[in-house]
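All the letters of the first sequence, read from the start, carry residue numbers 47 to 618 under the working numbering.
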Amino acid sequence: MRFSQSFIPTLKETPAEAEVISHQLMLRAGFIRKLTSGIYSYLPLGLAAIRKVEQIVREEMNRAGAQELLLPMVQPAELWEESGRWQKYGPELLRFTDRHERQSCLGPTHEEVITDLVRKNIHSYRRLPLNLYQIQTKFRDEIRPRFGLMRGREFIMKDAYSFDADDKGASATYEKMRRAYERIFSRCGLKFRAVEADSGSIGGNFSHEFMVLADTGEDTIVACTKCSYAANMEKARAMESPAPDNIEPKPLEKIETPGKRKVKAVTQFLKISPKELVKTLVFLADGRPVAVLLRGDHEVQEVKLCNLLGVQEVELADDKEVYDITGVPTGYLGPVGLKIPLVADLEVMKMVNFTVGANEKNFHSQNVNPNRDFTVEKSADLRMITAEDCCPLCGAKLELTRGIEVGHIFKLGTVYSKALNACFLDNEGNEIPFVMGCYGIGVSRVVAAAIEQNHDKDGMIFPLPIAPVQVILLNLAGKDDKITAAAESLYQELLADNIEVILDERDERPGVKFKDADLLGIPLRLMVGKSFAKEGKVEIRTRKDGKVTALPLAETTAYVRKIIDQELTSAE
RNA sequence: CGGGGCGUGGCGCAGCCUGGUUAGCGCGCCUGCCUUGGGAGCAGGAGGUCGGAGGUUCGAAUCCUCUCGCCCCGACCA
């Protein structure tokens with residue numbers, strides 16, 4: 047590849063629309079261009095990086111026994127009606143009508159299509175297990191696309207779907223995929239954590255998210271500083287605090303708290319810590335009111351609440367709704383005598399002599415105790431974990447870090463196979479629904495995440511396995527034909543050795559070439575110029591640490607080959 | 001959906017409040033000279049229906065109305 051003939055429109059200035067670094071750099075380096083909100087064209091170098099990631103994904107999926115296929119992007123409404131998601135999915139599903147007035151949609155995911163395909167073609171346990179994947183463009187009509195490739199509407203995804211005869215098989219497949227994912231992200235040269243994720247009603251440890259660690263990540267993850275425990279906020283647990291030693295319950299007491307509604311105001315007024323107060327939040331759980339008790343300094347994790355209540359969604363009631371439901375203005379709610387169902391966070395159940403709202407304007411109650419003064423229907427871990435909490439496994443300090451979700455693996459069970467009546471016959475002739483799993487990787491997002499994690503003030507710094515090209519060779523000849531000849535012969539030599547190289551033979555001053563080479567983040571930069579004229583040496587500079595090695599021309603290709611092979615295998 | 005901001009050559013912006021000749025600047029682009037190890041210099045040049053529609057006015061990038069697009073923030077914790 048010759049730079050002068052390549053479509054690499056680099057920019058000196060950062061386009062105003064780009065907020066995060068990966069987006070800025072991909073625009074500046076000529077990797078992508080926006081067509082419209084959340085929709086991008088991939089230019090040659092951007093595509094090359096994507097292809098690198100795809101290839102690693104392919105190799106590891108195949109190694110794990112999965113088979114590649116390609117499913118349609120346009121899908122008929124009927125299938126989605128069968129699974130019930132035509133109604134459930136919401137506006138992220140882009141729907142349209144074709145010329146025959148048939149309802150269709152652009153596939154945001156492919157459970158329906160793959161399940162349909164398998165139910166029509168696989169009828170025996172002898173064909174199982176089966177694991178099929180594709181690498182394809184998905185479309186999700188995001189509310190607010192942002193951050194370039196990080197959250198686009200159109201994006202490239204690898205999605206795999208597995209079909210097993212029973213739960214045991216499905217678990218084994220899940221485990222295989224988890225290991226494949228570890229290999230994939232390691233090979234991409236990324237720092238990541240596999241975190242436990244919420245698996246909804248199915249339960250068990252059968253959902254992991256793969257998070258690339260980067261400060262600009264959209265998700266917060268909880269990780270133990272000592273052991274391997276890691277989870278996302280929906281799932282994170284903490285070591286339970288010990289029950290307090292035999293504190294005598296004191297008599298319940300009502301106290302006037304005029305105009306004090308917020309936790310902060312009440313605790314300051316009563317000169318107590320938020321840890322001694324319990325707040326009462328009213329939620330509408332699928333429309334039905336429920337009160338949630340939580341320590342004053344804690345916050346609700348809504349997904350945990352949904353799981354406890356077995357509902358689809360919970361929504362905090364607004365002031366008016368709270369008053370209509372309880373007859374009490376917000377700020378003075380409490381569990382004692384409240385007429386709606388009560389649930390409590392585990393921590394609350396251990397507290398003694400705490401303060402709550404008195405269910406009366408301008409009054410709170412003190413020395414309240416669970417089971418004596420009120421009873422709850424259920425209690426469970428319902429709160430957000432904080433950095434003050436300790437690891438549930440080993441008790442060490444937990445740490446909150448930001449991450450970019452690049453992969454998600456999930457045991458689906460029989461949700462889709464039952465809905466779509468996708469069954470096989472077992473060895474006794476019984477008709478049994480497939481036990482499924484699904485496994486996604488945001489391929490285009492991996493590239494963005496890699497840049498978020500690996501860059502400096504001069505530009506991107508690609509890990510070699512996913513760099514769009516491995517080597518950039520700068521011809522710094524000026525008018526010296528000998529140098530040009532040397533650069534050309536080195537270029538041919540590298541090509542002959544199957545090394546991916548771009549030759550920068552543009553009629554530009556050296557500074558321009560250096561700047562562009564850095565911006566593009568190409569791992570190895572070879573320079574043929576002054577030191578070649580003086581002592582016949584080619585300089586080799588590594589992008590990530592700036593180290594320069596000078597070697598005779600004749601030794602250069604072999605040296606480069608060695609470095610590349612090292613980098614490619616060390617990540618495996 | 002709600003709130004805010006922005007649409008002026010390929011990119012980054014000024015001009016708009018207070019309407020008035022050929023709409024500016026930097027970068028990029030083209031030609032020539034010159035220069036050649038960290039985004040050089042000089043000279044010349046191309047390129048803009050000022051997002052779109054309507055209105056006010058003798059006159060609109062500028063004022064008014066509508067519209068489209070893009071970006072950011074928020075999407076409730078008593």
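C-beta: ideal position from N, C-alpha, C; glycine also.
Three-way DSSP call (helix, strand, coil) for residue i in this model
i, result
"methionine 47", "coil"
"histidine 454", "strand"
"isoleucine 54", "coil"
"leucine 89", "coil"
"arginine 555", "coil"
"glutamate 474", "coil"
"proline 598", "strand"
"aspartate 611", "helix"
"arginine 239", "strand"
"alanine 64", "coil"
"serine 535", "helix"
"glutamine 182", "strand"
"glutamine 113", "strand"
"aspartate 526", "coil"
"arginine 448", "strand"
"glycine 249", "With a pLDDT of only 49 at glycine 249, under the threshold of 50, the placement of this residue in the model should not be trusted, and no figure is reported."
"glutamine 412", "strand"
"asparagine 405", "strand"
"asparagine 467", "coil"
"valine 394", "helix"
"tyrosine 227", "helix"
"leucine 298", "coil"
"valine 389", "strand"
Among the options, the one whose alpha carbon lies nearest that of residue i
i, options, result
"aspartate 550", "Glu539, Asp543, Lys580, Ile518", "Ile518"
"valine 414", "Asn476, Ile497, Glu322, Pro479", "Glu322"
"arginine 227", "Thr303, Glu106, His169, Arg141", "According to the sequence shown, residue 227 is tyrosine rather than arginine. Of the listed residues, the one whose Cα sits closest to tyrosine 227 is Glu106."
"arginine 620", "Leu139, Leu178, Arg173", "What is shown of the chain runs 47 to 618, which leaves residue 620 out entirely."
"valine 374", "Tyr207, Ala433, Arg307", "Arg307"
"valine 324", "Leu340, Thr313, Asn544, Asp210", "Leu340"
"alanine 442", "Pro118, Lys272, Glu618", "Lys272"
"leucine 152", "Thr161, Asn167, Arg141", "Arg141"
"threonine 372", "Glu63, Ile386, Leu444", "Ile386"
"threonine 602", "Phe560, Met47, Arg334, Lys583", "Lys583"
"alanine 617", "Arg229, Lys528, Val481", "Arg229"
"methionine 285", "Glu434, Trp132, Lys608, Val338", "Glu434"
"serine 208", "Leu520, Pro175, Ala240", "Pro175"
"serine 232", "Glu221, Met257, Leu572", "Met257"
"threonine 82", "Lys366, Arg48, Gly194", "Gly194"
"alanine 363", "Gly380, Ala531, Ala337", "Ala337"
"leucine 466", "Met482, Met203, Asp365", "Met482"
"isoleucine 609", "Ile455, Met397, Lys503, Gln516", "Gln516"
Status (buried if at least 16 other CB within 10 Å, exposed otherwise) for residue i
i, result
"proline 137", "exposed"
"glutamate 65", "exposed"
"glycine 449", "buried"
"glycine 592", "exposed"
"asparagine 476", "exposed"
"glutamate 100", "buried"
"glycine 249", "Below a pLDDT of 50, predicted positions are generally treated as unreliable, and glycine 249, at 49, falls in that range; the measurement from the model is reported next regardless. Result: exposed."
"phenylalanine 53", "exposed"
"glycine 130", "exposed"
"leucine 355", "buried"
"glycine 383", "exposed"
"leucine 57", "exposed"
"aspartate 213", "exposed"
"lysine 296", "exposed"
"serine 411", "buried"
"glycine 198", "buried"
"glutamate 302", "exposed"
Beta-carbon separation (whole angstroms), residue i vs residue j, contact threshold 8 Å
i, j, result
"glycine 235", "proline 509", "3 Å"
"glutamate 158", "glutamine 182", "Wrong, their Cβ atoms sit about 14 Å apart, outside the cutoff."
"isoleucine 478", "leucine 71", "Rounded, the Cβ-Cβ distance is 51 Å, inconsistent with contact."
"leucine 316", "threonine 376", "Their Cβ separation, rounded to whole angstroms, is 18 Å, which puts leucine 316 and threonine 376 out of contact at 8 Å."
"serine 68", "alanine 390", "About 42 Å; that fails the 8 Å criterion."
"valine 461", "methionine 203", "With a Cβ gap of about 20 Å, valine 461 and methionine 203 do not count as contacting."
Residues bridged to residue i [DSSP beta-bridge criterion]
i, result
"isoleucine 518", "Ile548, Arg571"
"isoleucine 78", "Tyr88"
"threonine 326", "Leu339"
"asparagine 706", "Residue 706 lies beyond the range of the chain shown here (47 to 618); nothing can be said about it."
"asparagine 177", "Ser208"
"threonine 588", "Leu570"
Cβ-heavy atom distance, residue i to the ligand ATP, below 6 Å
i, result
"valine 382", "This structure lacks the ligand ATP; in fact it carries no ligand of any kind."
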